[in-house]
Each structure stands twice: as structure tokens, then as C-alpha cells.
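Just below is one structure, and these are the notes that go with it.
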Amino acid sequence: MNIFDMTIHELHGALKARTLSSVEATTALLTRITAVEPQIGSFITVTAEVALAAAAAADRRIAAGECDLLTGIPLAIKDIFLTEGIRTTCGSRILDSFIPPYSATSWEKLRERGAVLLGKLNQDEFAMGSSNESSAFGPTRNPWDVTRIPGGSSGGSAAAVAARQAIATLGTDTGGSIRQPASHCGCVGLKPTYGRVSRYGVIAYASSLDQVGPLTRDVTDCAAMMGAVAGYDAKDSTSVDTPVPDYCATLKDGVRGLKIGLPKEYFIAGLDAEVQKTMDEAIETYRRLGAEFVDVSLPHTEYAVATYYLIAAAEASSNLARYDGVRFGHRAAAADGLLDMYTKSRSEGFGSEVKRRIMIGTYALSSGYYDAYYVKAQKVRTLIMNDFISAFADVDLMLTPVAATPAFKIGEKADDPLLMYLSDLFTIPVNLAGTCALSLPAGFSATGLPIGMQLIGKPFGEATILRAGYAFEQATEWHQRKAEI
Ligand code: GLN
Numbered sequence: 079m080n081i082f083d084m085t086i087h088e089l090h091g092a093l094k095a096r097t098l099s100s101v102e103a104t105t106a107l108l109t110r111i112t113a114v115e116p117q118i119g120s121f122i123t124v125t126a127e128v129a130l131a132a133a134a135a136a137d138r139r140i141a142a143g144e145c146d147l148l149t150g151i152p153l154a155i156k157d158i159f160l161t162e163g164i165r166t167t168c169g170s171r172i173l174d175s176f177i178p179p180y181s182a183t184s185w186e187k188l189r190e191r192g193a194v195l196l197g198k199l200n201q202d203e204f205a206m207g208s209s210n211e212s213s214a215f216g217p218t219r220n221p222w223d224v225t226r227i228p229g230g231s232s233g234g235s236a237a238a239v240a241a242r243q244a245i246a247t248l249g250t251d252t253g254g255s256i257r258q259p260a261s262h263c264g265c266v267g268l269k270p271t272y273g274r275v276s277r278y279g280v281i282a283y284a285s286s287l288d289q290v291g292p293l294t295r296d297v298t299d300c301a302a303m304m305g306a307v308a309g310y311d312a313k314d315s316t317s318v319d320t321p322v323p324d325y326c327a328t329l330k331d332g333v334r335g336l337k338i339g340l341p342k343e344y345f346i347a348g349l350d351a352e353v354q355k356t357m358d359e360a361i362e363t364y365r366r367l368g369a370e371f372v373d374v375s376l377p378h379t380e381y382a383v384a385t386y387y388l389i390a391a392a393e394a395s396s397n398l399a400r401y402d403g404v405r406f407g408h409r410a411a412a413a414d415g416l417l418d419m420y421t422k423s424r425s426e427g428f429g430s431e432v433k434r435r436i437m438i439g440t441y442a443l444s445s446g447y448y449d450a451y452y453v454k455a456q457k458v459r460t461l462i463m464n465d466f467i468s469a470f471a472d473v474d475l476m477l478t479p480v481a482a483t484p485a486f487k488i489g490e491k492a493d494d495p496l497l498m499y500l501s502d503l504f505t506i507p508v509n510l511a512g513t514c515a516l517s518l519p520a521g522f523s524a525t526g527l528p529i530g531m532q533l534i535g536k537p538f539g540e541a542t543i544l545r546a547g548y549a550f551e552q553a554t555e556w557h558q559r560k561a562e563i
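Taking my numbering, the leading residue of the sequence shown gets 79, the next gets one more, and so forth.
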């Protein structure tokens with residue numbers, strides 16, 4: 079078996095048995111990155127020196143008898159996570175040369191356990207997009223078909239796992255940015271409950287929606303990564319101080335007796351026939367495993383995309399005000415006074431999708447329109463949340479598609495923002511409701527493109543969806559297929 083094909087648990091076994099060192103594993107991954115990067119473009123920055131030094135330190139820890147599950151495991155993280163001393167761009171020209179003075183808590187937690195950083199992954203600019211095409215550093219390509227998008231905004235995080243350029247990765251999800259790329263690239267991705275994982279040191283897009291989560295090769299790795307990053311952080315006032323369960327311990331509990339809801343608004347006419355067929359087969363698999371299905375309704379689903387694009391844009395316009403050319407990031411060279419410097423720095427630094435969001439958000443928050451748009455959107459958000467609360471009174475989890483179609487072609491939706499926004503139809507409501515959801519491989523199209531399914535859990539119900547995902551994975555072989563790259 080190639081080292082770069084291994085899961086965390088497989089590589090951990092080899093490191094612990096000392097049949098392999100972390101330096102050997104890290105070198106294998108760095109070689110793999112160099113080999114496939116020209117075709118895929120998952121990375122913005124490769125940190126080879128940092129990686130090899132961390133791997134050598136991990137090997138010393140292992141030699142001293144200290145081999146945690148993550149010690150010596152080569153990982154990569156989205157370029158939205160601050161990394162002390164390592165360039166962090168968030169996919170934007172405005173942060174082209176930004177070197178953060180501290181690291182994100184989620185990465186710190188992995189690093190402290192001995193994980194090795196291979197580099198920083200490509201993404202849509204400021205996490206705004208569903209295709210990775212809005213990155214200022216060029217698009218990432220889907221390892222299953224390089225003419226197609228990997229999904230977004232954590233496109234690099236999903237493509238790197240699928241192309242075996244990292245054993246596992248971290249991404250963020252504001253409206254679907256972990257789950258949709260995981261679905262398009264055939265990997266496992268988890269969007270945790272709002273408040274479950276610290277966002278300290280994660281560049282803010284829409285603060286009432288953003289969450290950090292893992293992208294992995296299988297559900298076991300996802301549970302391990304989740305356990306490592308979850309938990310209260312005094313540095314993030316939105317993180318919740320509730321104990322972190324042992325997600326690995328309950329993985330094998332099965333689905334017998336679990337009630338799974340099928341929200342009727344998610345099985346719509348526009349759904350691709352192969353996606354529908356994949357969902358039907360998944361439902362059959364779960365029935366065989368002893369789960370029970372219940373029809374449920376999330377009646378305000380049709381308003382979710384519009385609500386999201388008002389709230390997310392409003393919060394983004396406020397969060398992105400800090401990029402003013404004064405404190406950090408790009409500053410225009412020649413300006414005629416302060417206001418001109420702000421305008422020029424921002425005009426030069428931001429790409430067109432980011433500018434569109436700032437303008438929509440500023441409009442929605444401006445006096446005279448605030449009540450009509452922003453306040454109204456917040457009210458609809460409450461209705462959407464209540465839909466989930468009612469549905470979860472009857473079921474333990476819900477099963478839905480992640481996306482209406484498999485990965486689309488590069489360029490296909492690039493000139494039509496509305497069409498692009500509709501890519502996240504099935505993922506956005508989960509962020510508005512603040513709950514958790516898992517995306518995992520459930521089948522393939524006739525043309526060989528991965529199709530994911532979404533398991534939506536109750537707030538802080540990560541253990542239940544991970545356990546249901548694990549049961550499905552044991553009964554199927556989709557997660558074992560590899561992109562030929
Ligand atoms: N595609 C959605 C957007 O552009 C979601 C992105 C995300 O989850 N970061 O806002």
C-alpha cells in the first residue's frame with residue numbers, strides 16, 4: 079500500500095509499530111504533492127521545511143513511547159486558518175503576504191498532539207463560493223475529473239484528500255463549504271454544531287454561521303479529527319462549554335432502532351436522477367441495517383437560500399471592513415489621502431465575488447433597508463430553526479442529498495452568481511439552524527463522479543450521525559474507491 083493512500087488509523091498503526099517513521103510518511107506525502115499538484119492545484123502554500131521538522135520531532139516523541147493517534151500524521155489545512163509565522167491568504171490578494179502572529183486554536187490542538195503541517199489549502203476567496211473558482215490563486219481541479227470543480231469553498235481541502243496529498247484536512251463550513259466539496263470529491267466531511275469547535279484564529283466570513291470541521295478518507299478518521307478539535311475555548315465567546323463525547327467509542331453502535339427522517343422538501347423534481355437513485359439505495363441499505371424511516375417536513379426550506387445570502391453578506395460586509403490597508407494586508411501604492419487609500423486598497427485587493435457580497439451586505443444593513451432585509455431575514459431564520467426543532471421531535475437524524483447534481487464543469491456557473499448560490503440548497507438550512515451534518519460517499523454517477531449523502535443530526539448530535547455514517551460505510555465500499563490520479 080502507498081503511504082499516501084493510508085487513513086489516519088492505518089498510518090498510526092504503522093508509526094506505533096515503528097514499521098514507518100513520520101519523516102518517511104511526510105516525505106512520501108510531499109513527493110505526492112509535487113507529483114500531482116500541477117494537475118490539481120490544492121495548495122496555496124506547501125510548508126515542506128516546517129513539515130519535515132515537525133515529523134522529526136514526532137519521531138522523537140514516538141521513540142520516547144508517546145504515540146498519540148495524531149502524532150506524526152501529515153495533515154493540511156484550509157488557508158483560512160491562521161498559522162503563526164506561515165503565510166495565510168484566505169484565497170485573497172488582499173492577504174497575499176500576510177503572516178499571522180498566532181495560530182488558530184483548532185490547528186494548535188492538532189499540532190500539540192504531534193500532527194505535521196504539509197501546507198495551506200486553496201479555497202474560494204474569503205470562503206465565498208461553491209467551486210473554488212473565486213480563489214485569487216487559481217482554481218482547484220476535481221481529482222475525479224480535472225475538467226470539473228472540486229466544490230467550495232473548502233475545495234482544496236477536499237481535493238487534497240481525494241488526490242491523496244494529505245492524510246486528512248481541516249475546512250470551514252458557513253453554508254456548505256465542507257459538505258459540498260466532500261460530496262463532489264468522494265470524501266467524508268463534517269460540519270459540527272455551531273459552538274462545538276473554536277473559531278479563534280479562523281478568518282471570519284459570516285460569524286453567526288461559520289464552523290470548523292474535518293475532511294477525511296473515512297468516518298473513523300472523521301470521528302478522530304472531530305474529537306481532537308472539538309471543545310470549549312475561552313478565546314472564542316461562541317464556543318460552548320459542554321463535554322466532548324468520545325466519538326470513536328460509539329462508532330460501532332449500529333443503527334438498529336434509529337429513526338431517520340426524510341424531509342420531503344429535499345427530494346424535489348430538479349434532483350438529478352442518479353443522485354435520487356443513490357439516495358434510494360442508501361435508504362434501502364439503512365432499512366436492511368435496522369433503521370426506520372419517517373417522512374418529515376421542513377416547510378420553510380424554499381426561503382433558506384435567500385435568507386442565507388442576506389445574513390451571510392451582511393455579516394461579511396461587517397467582518398471584511400477590517401481590510402482597510404492600514405493594519406494588515408495589501409495597501410495601495412499611490413493614494414491621494416486616507417479615503418482614497420482605503421478605496422484603492424480594497425478595490426485592488428478584493429475579487430469580484432467578494433465585492434458583490436460586500437455591496438449586497440452593506441445595502442441590506444443600510445438605514446431604511448435594515449428592517450426590510452436584515453431583520454426580515456433574521457425572522458425567517460427563526461422559522462427555519464423551528465422547522466428543524468419540530469422535525470427532530472420525531473426523528474434521531476435526517477437523510478438528504480448534499481447537492482442536486484455531481485460536480486459541475488469548471489466555468490459552467492462562473493458567470494451566473496444566482497445559479498452558483500443554488501448549489502448549496504441542501505446544505506445552507508443546516509447552518510441557519512446551527513446544527514450538525516455529515517457528508518459521506520454514497521455512490522457514483524455512470525461517468526464515475528462521486529455522489530455524497532448528508533446525515534443531519536440534532537444540535538450536539540455529532541456522535542449519532544458519525545455512528546450512522548460508520549454503519550453505512552461498513553455496509554458499502556464507496557469510500558474505498560480512489561480517484562485515478
Ligand atoms: N457557497 C456558500 C457561499 O458562498 C457557502 C460557502 C461556505 O460555506 N463558506 O457563501
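C-beta atoms are modelled at their ideal positions from N, C-alpha and C, and glycine is treated no differently. No experiment lies behind these values; they were computed from the predicted model shown.
State the CB to CB distance for the pair F504 and Y344, rounded to an integer number of angstroms; the pair is presumed to be in contact (CB under 8 Å).
Contact between F504 and Y344 holds: their C-beta atoms lie close to 6 Å from each other, under 8 Å.
If contact is defined by three or more beta carbon pairs under 8 Å, each pair taking one atom from either stretch, is the region 313-332 in contact with the region 446-459?
No: fewer than three Cβ pairs fall under 8 Å.
Strand pairing of T478, partner residues [DSSP]:
Paired residue(s): Q532.
Output yes or no for whether 8 Å exceeds the beta carbon distance between E203 and V432.
A contact, by the Cβ cut-off of 8 Å.
In terms of DSSP beta bridges, what is R226 paired with?
Its beta-bridge partners are K487.
I want to check one thing, is the minimum distance from the CB of M437 to the heavy atoms of the ligand GLN below 7 Å?
Answer for M437: no, Cβ out of range of the ligand GLN.
List, from N- to C-terminal side, the alpha helix (DSSP H) runs of 4 residues or more that fit wholly inside the region 131-206.
DSSP runs (the alpha helix (DSSP H)) wholly in the region 131-206: 183-190.
Whole angstroms is fine: what's the gap from L500's alpha carbon to M476's?
Rounded to whole angstroms, L500 to M476 spans 21 Å at the Cα level.
Inter-residue Cα distance where the pair is Y278 and V480:
Distance from the CA atom of Y278 to the CA atom of V480, rounded to whole angstroms, is 28 Å.
Anticipated Cβ contact below 8 Å, S208 with G229, distance rounded
Beta-carbon to beta-carbon, S208 and G229 are separated by about 6 Å, close enough to satisfy the 8 Å threshold.
Have a look at F215 and L130 and give me their C-alpha separation to the nearest angstrom.
If I take the Cα positions, the gap works out to 25 Å.
For the ligand GLN, I want to know if T252 counts as a neighbour, meaning its beta carbon is within less than 7 Å of at least one of the ligand's heavy atoms.
Yes, since a heavy atom of the ligand GLN falls inside the 7 Å radius drawn around the Cβ of T252.
Backbone secondary structure at A515 - three-state DSSP
Note: A515 maps to strand in three-state DSSP.
May I ask you to report which of helix, strand or coil DSSP gives N80?
In the structure shown, N80 sits in coil (DSSP, three-state: anything other than H, G, I, E or B).
Cα-Cα, which of A312, P259 and D251 is closest to S286?
Of the candidates A312, P259 and D251, the residue whose Cα lies closest to the Cα of S286 is D251.
Check each candidate in K536, F82 and F470 and name the one with the smallest Cα separation from A240.
For A240, the closest C-alpha among the options K536, F82 and F470 is that of F82.
Below 8 Å, how does it come out for the region 529-546 and the region 477-496: are there three or more Cβ pairs, yes or no?
Enough Cβ pairs lie closer than 8 Å, so yes.
May I ask whether a heavy atom of the ligand GLN can be found less than 7 Å away from the beta carbon of Y283?
At least one heavy atom of the ligand GLN is nearer than 7 Å to the Cβ of Y283, so yes.
Limits of the unbroken beta strand (DSSP E) element including V333:
For V333, no beta strand (DSSP E) segment is defined, and its DSSP state is neither H nor E.
Does the ligand GLN have even one heavy atom less than 7 Å from the beta-carbon of D493?
Answer for D493: no, Cβ out of range of the ligand GLN.
Considering just the uninterrupted stretch of the alpha helix (DSSP H) at D350, what are its terminal residues?
Counting along the chain, D350 sits inside no alpha helix (DSSP H), nor does DSSP assign it H or E at all.
For D502, which of helix, strand or coil comes out of DSSP?
Three-state DSSP puts D502 in a helix.
Give me the Cα-Cα distance between F538 and G368, rounded to the nearest whole angstrom.
Here the C-alpha atom of F538 lies approximately 23 Å from the C-alpha atom of G368.
Rounded to whole angstroms, what is the Cα-Cα separation between G335 and D373?
Spanning the two alpha carbons is a distance of roughly 16 Å.
In the region 370-449, which residue ranges form an unbroken beta strand (DSSP E) of at least 3 residues, counting only runs that do not cross its ends?
You should have 370-374.
Through-space distance from L199 to V114, alpha-carbon basis
Distance between the alpha carbons of V114 and L199 is about 14 Å.
Just verifying my parser: in three-state terms, what is the DSSP assignment at Q243?
In this structure, Q243 counts as coil in the three-state DSSP scheme.
Less than 8 Å between the C-beta atoms of G403 and F176, yes or no?
No. Outside cutoff.
For N80, count the other beta carbons within 10 Å of its own beta carbon; 16 or more makes it buried, fewer makes it exposed. Which is it?
Result: exposed.
Given a cut-off of 8 Å, decide if G150 and S184 are closer than it, judged by their beta-carbon atoms.
No.
For A390, verify whether its CB is less than 7 Å away from any heavy atom of the ligand GLN.
Yes, the Cβ of A390 comes within 7 Å of a heavy atom of the ligand GLN.
Can you find a heavy atom of the ligand GLN that lies under 7 Å from the Cβ of M206?
Because some heavy atom of the ligand GLN lies under 7 Å away, the Cβ of M206 counts as near it: yes.
Among residues of its own chain, excluding the 5 on either side of N220, which ones have a beta-carbon nearer than 7 Å to its beta-carbon?
In chain order, R226, I227, P228, A237, H262, C263 and A485 place their CB closer than 7 Å to the CB of N220, counting only its own chain and leaving out the 5 sequence neighbours on each side.
Leaving out five residues before and five after T85 in sequence, what residues of the same chain have Cβ atoms less than 6 Å from its Cβ?
So the qualifying residues of the chain are R295, D296 and D299.
Near P270, which residues of its chain fall below 8 Å by C-beta distance, leaving aside the five closest residues on each side in sequence?
Excluding sequence positions up to five before and after P270, its CB lies within less than 8 Å of the CB of Q289, V290, G291, M304, A308, C514 and E540, all in the same chain and listed in chain order.
Can you tell me whether L417 is buried or exposed? The criterion is at least 16 other CB atoms within 10 Å of its CB, across all chains shown.
The residue is exposed, with fewer than 16 neighbouring Cβ atoms inside 10 Å.
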